[in-house]
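J.: One structure is given below, represented as structure tokens, and several questions about it will come after.
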Amino acid sequence: MKRVGLSVLAMFLLVGVAFAAGKAEKVPQKVVIYAALDEKTTKELASAFKETTGIDAEVALQIEQAGTVAARIKTEASNPRADVFIGGNSNFHSELAAGGFLEKYTSPVVKEAGIDPKLMDPDGYWTGWYLGALCLLYNEKLYNEKVKPLGIAPPTTWDDLLNPVYKGQVIASNPATTGGAYLMMAAQIFRLGSEEAGFEYIRKLHPNVAQYTKGANGSIPLVAQGEAIVGFAWGHDTLKQKIQGNLPIVVVFPKDTGFEIGAASILKGAPHLEAAKKFIDFLLSPKAGTINARNGYRYPVRSGVELPPGVPPFEQLKLAPWDLKKAAENVDKWKKKWAEITGM
1 MKRVGLSVLA MFLLVGVAFA AGKAEKVPQK VVIYAALDEK TTKELASAFK
51 ETTGIDAEVA LQIEQAGTVA ARIKTEASNP RADVFIGGNS NFHSELAAGG
101 FLEKYTSPVV KEAGIDPKLM DPDGYWTGWY LGALCLLYNE KLYNEKVKPL
151 GIAPPTTWDD LLNPVYKGQV IASNPATTGG AYLMMAAQIF RLGSEEAGFE
201 YIRKLHPNVA QYTKGANGSI PLVAQGEAIV GFAWGHDTLK QKIQGNLPIV
251 VVFPKDTGFE IGAASILKGA PHLEAAKKFI DFLLSPKAGT INARNGYRYP
301 VRSGVELPPG VPPFEQLKLA PWDLKKAAEN VDKWKKKWAE ITGM
């Protein structure tokens, strides 16, 4: 009887070991990505992750509007289809965290690589992996024809956009539809020292605006085509299009400009949690930083990554004094005020 008992016990132990081994082999199988990035960067990141870790990376959604991605995540909250959300400024991720849509995760790579912890969510819900700054852009030909003869210097500051000479000649974007426009508005509040002063700036700017585009970079083709003299957009996207497309525009990073922390986060109830963590770790690697800088002209948070020719070092930019918490907490309030001022 003892021999039979031992045999049965051994059999159960072997089955248990085999079952555990089977589970270990299946985890992690893949990571499912929702991306608010350009298609080329997203595909290369997925491919490089597979090469680096052996884990499949499926891009289930790729669209450059982070708000659209965030809305999709909310609608799928009861049955999450994706594991990670990459791209979009940290405000989108903070909003998702506040709604209970994200998992906490702090990558060990942050400490190992000496990355500034201020670029990470203090509560651990999102990881900053790149930076971007807003720029001004103007059509050099139109400026030379219409503004320079008046003895007015080129637009290089935010306040220059208020000059009456630019009435109906500024292409802006809508903070209700794009994060870049919201951060431009926040930059005015922070650089001028109060909500009242910031919104007074928006009130003065409004008569000069010819068009509010849905996307943060809608001004780039319009200014390049001569539809208006000046506009604002993300610096990395503007430089990329100017350099690669030889556009007839001048790009200027104004003093006290707005900036973003491009973030990544893990969705609450992610089907492939361990793979998602590995993907967040990967985004902080030199390989991922190089892909992002080369394709998107974005600034990786990790030092030592080479930037494309013509891109100024991030340290040279003069940023507005920023309150990350305040910018994240006042999204709805400030958007509502902007709508009241512009009538949109």
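Going letter by letter, the sequence shown gives residues 1 to 344 in my numbering. Cβ coordinates follow ideal geometry from the N, Cα and C atoms, glycine included.
Cβ atoms of alanine 233 and isoleucine 217: under 8 Å apart, would you say?
T.: Along the sequence shown, one-based indexing puts residue 217 at 217. Along the sequence shown, one-based indexing puts residue 233 at 233. Residue identity check: residue 217 is asparagine in the sequence provided, not isoleucine. Contact: yes.
J.: My guess is that valine 69 and tyrosine 138 are in contact by the Cβ rule of under 8 Å, so how many angstroms apart are they, rounded?
T.: For this step, residue 69 is matched to residue 69 along the sequence shown. For this step, residue 138 is matched to residue 138 along the sequence shown. The Cβ separation is near 31 Å, so there is no contact.
J.: Report the three-state DSSP secondary structure of asparagine 89 (helix, strand or coil).
T.: Walking along the sequence shown from the start, residue 89 turns up at place 89. Strand.
J.: Could you pull the DSSP bridge partners for tryptophan 334 from this structure?
T.: The residue labelled residue 334 in the question sits at position 334 within the sequence shown. DSSP, once it has assigned bridges, lists no residue as partnering tryptophan 334.
J.: Using 10 angstroms around the beta-carbon of aspartate 123, count the other beta-carbons present and answer buried if the total reaches 16, otherwise exposed.
T.: Walking along the sequence shown from the start, residue 123 turns up at place 123. Exposed is the call here.
J.: Starting from glutamate 306, trace the beta strand (DSSP E) in both directions and tell me its first and last residue.
T.: Position 306 of the sequence shown holds residue 306. From DSSP, glutamate 306 is part of no beta strand (DSSP E); its letter is neither H nor E.
J.: Would the beta-carbon of threonine 156 be found less than 7 Å away from any heavy atom of the ligand FMN?
T.: This structure lacks the ligand FMN, and indeed carries no ligand of any kind.
J.: For lysine 146, which residues from the same chain have a beta carbon less than 7 Å from its beta carbon, with the 5 sequence-adjacent residues on both sides left out?
T.: The residue you call residue 146 lines up with position 146 of the sequence shown. Within the same chain, lysine 146 has close Cβ partners Ile229.
J.: Counting Cβ pairs, one atom from each stretch, are 3 or more of them under 8 Å apart for the region 306 to 320 and the region 236 to 250?
T.: yes
J.: Taking only the alpha-carbon atoms, compute the straight-line gap between alanine 46 and lysine 287 and give it to the nearest angstrom.
T.: Translated into positions along the sequence shown, residue 46 becomes position 46. Translated into positions along the sequence shown, residue 287 becomes position 287. Approximately 12 Å between the Cα atoms of the pair.
J.: Smallest Cα separation from valine 360: which of Asp332, Ala187, Val110 and Glu95?
T.: What is shown of the chain runs 1 to 344, which leaves residue 360 out entirely.
J.: Spatial neighbours of asparagine 330 within its chain, please: C-beta separation below 7 Å, excluding the five flanking residues on both sides.
T.: The count along the sequence shown starts at 1 and reaches residue 330 at position 330. For asparagine 330, where only same-chain residues beyond five positions count, there are no Cβ hits under 7 Å.
J.: Looking at C-alpha atoms only, which residue of His206, Glu140 and Gly132 is the closest neighbour of isoleucine 341?
T.: Counting from one through the sequence shown, the residue named residue 341 turns up at place 341. The shortest Cα separation from isoleucine 341 among His206, Glu140 and Gly132 belongs to His206.
J.: Who does alanine 387 pair with in a DSSP beta bridge?
T.: It is not possible to answer for residue 387, since the shown part of the chain is limited to 1 through 344.
J.: Return the chain-ordered list of same chain residues with a C-beta closer than 6 Å to the C-beta of threonine 178, the five sequence neighbours on each side being excluded.
T.: Counting from 1 along the sequence shown, the entry for residue 178 is found at position 178. Only Gly215 and Ala216 meet the Cβ criterion.
J.: For the beta strand (DSSP E) containing threonine 261, name the first residue and the last one.
T.: Reading the sequence shown from its first residue, position 261 is the one you call residue 261. Per the sequence shown, the amino acid found at residue 261 is isoleucine instead of threonine. Per DSSP, isoleucine 261 belongs to the beta strand (DSSP E) from 259 to 267.
J.: Is leucine 30 helix, strand or coil when you go by DSSP?
T.: Within the sequence shown, numbered from 1, the residue matching residue 30 stands at position 30. It should be pointed out that residue 30 corresponds to lysine in this sequence rather than to leucine. Here lysine 30 sits in strand by DSSP.
J.: Under a Cβ-count criterion, where at least 16 other Cβ atoms within 10 Å of its own Cβ denotes burial, should threonine 42 be classed as buried or exposed?
T.: Position 42 of the sequence shown, counted from the start, is the residue given in the question as residue 42. It counts as buried.
J.: Between the alpha carbons of tyrosine 125 and phenylalanine 101, how many angstroms are there, rounded?
T.: In the sequence shown, residue 125 corresponds to position 125, counting from 1. In the sequence shown, residue 101 corresponds to position 101, counting from 1. Using only the alpha carbons, I get a separation of about 10 Å.
J.: Run through the region 150 to 211 for me and flag every whole alpha helix (DSSP H) of 4 or more residues, listed as ranges in chain order.
T.: 179 to 192 and 195 to 205
J.: Can you grab the Cα-Cα spacing for the pair lysine 333 / methionine 185, in whole Å?
T.: Within the sequence shown, the letter at position 333 stands for residue 333. Within the sequence shown, the letter at position 185 stands for residue 185. Rounded to the nearest angstrom, the two C-alpha atoms are 12 Å apart.
J.: Using only the alpha-carbon positions, how far apart do lysine 325 and aspartate 121 sit?
T.: Along the sequence shown, read from residue 1 onward, the residue named residue 325 stands at position 325. Along the sequence shown, read from residue 1 onward, the residue named residue 121 stands at position 121. If you take the alpha carbons of lysine 325 and aspartate 121, they lie about 10 Å apart.
J.: Give me the Cβ distance between tryptophan 129 and leucine 284, rounded to the nearest whole Å; I'm assuming they're in contact under 8 Å.
T.: Reading the sequence shown from its first residue, position 129 is the one you call residue 129. Reading the sequence shown from its first residue, position 284 is the one you call residue 284. Going by Cβ atoms, the distance from tryptophan 129 to leucine 284 rounds to 6 Å, so yes, they are a contact pair.
J.: From glycine 132 to glutamate 51, what distance separates their C-alpha atoms?
T.: For the purposes of this step, residue 132 is taken as residue 132 along the sequence shown, with counting starting at 1. For the purposes of this step, residue 51 is taken as residue 51 along the sequence shown, with counting starting at 1. Taking the straight line from one Cα to the other gives about 27 Å.
J.: With a cut-off of 8 Å, do at least 3 Cβ pairs link the region 270 to 279 to the region 244 to 257?
T.: no
J.: Taking phenylalanine 92 as the reference, which of Thr53, Leu134, Ala36 and Ala320 has the closest Cα?
T.: Counting from 1 along the sequence shown, the entry for residue 92 is found at position 92. Of the listed residues, the one whose Cα sits closest to phenylalanine 92 is Ala36.
J.: Spatial neighbours of lysine 30 within its chain, please: C-beta separation below 8 Å, excluding the five flanking residues on both sides.
T.: Mapped onto the sequence shown, residue 30 falls at position 30. Cβ contact annotation for lysine 30 (same chain, cutoff 8 Å, sequence separation greater than five): Ile55, Asp56, Ala57, Glu58, His272 and Ala275, in chain order.
J.: Can you name, in chain order, every residue of its own chain whose Cβ lies under 6 Å from the Cβ of lysine 204, other than the five neighbours on each side?
T.: Taking the first residue of the sequence shown as position 1, residue 204 is located at position 204. These residues qualify, in order along the chain: Leu162.
J.: Which first and last residues belong to the beta strand (DSSP E) in which tyrosine 143 is found?
T.: In the sequence shown, the residue the question calls residue 143 occupies position 143. Secondary structure note for tyrosine 143: it is in no beta strand (DSSP E), and the uninterrupted alpha helix (DSSP H) holding it is 140 to 146.
J.: Starting from the Cα of tyrosine 297, find the closest Cα among Phe279, Gly343, Ala320 and Gln244 and give me that residue.
T.: Position 297 of the sequence shown, counted from the start, is the residue given in the question as residue 297. Minimum Cα distance to tyrosine 297 is reached at Gln244.
J.: Return the first residue and the last residue of the beta strand (DSSP E) that glutamate 329 is part of.
T.: As a first step, residue 329 must be located in the sequence shown, where it is residue number 329. Not the beta strand (DSSP E): glutamate 329 falls in the alpha helix (DSSP H), residues 324 to 329.
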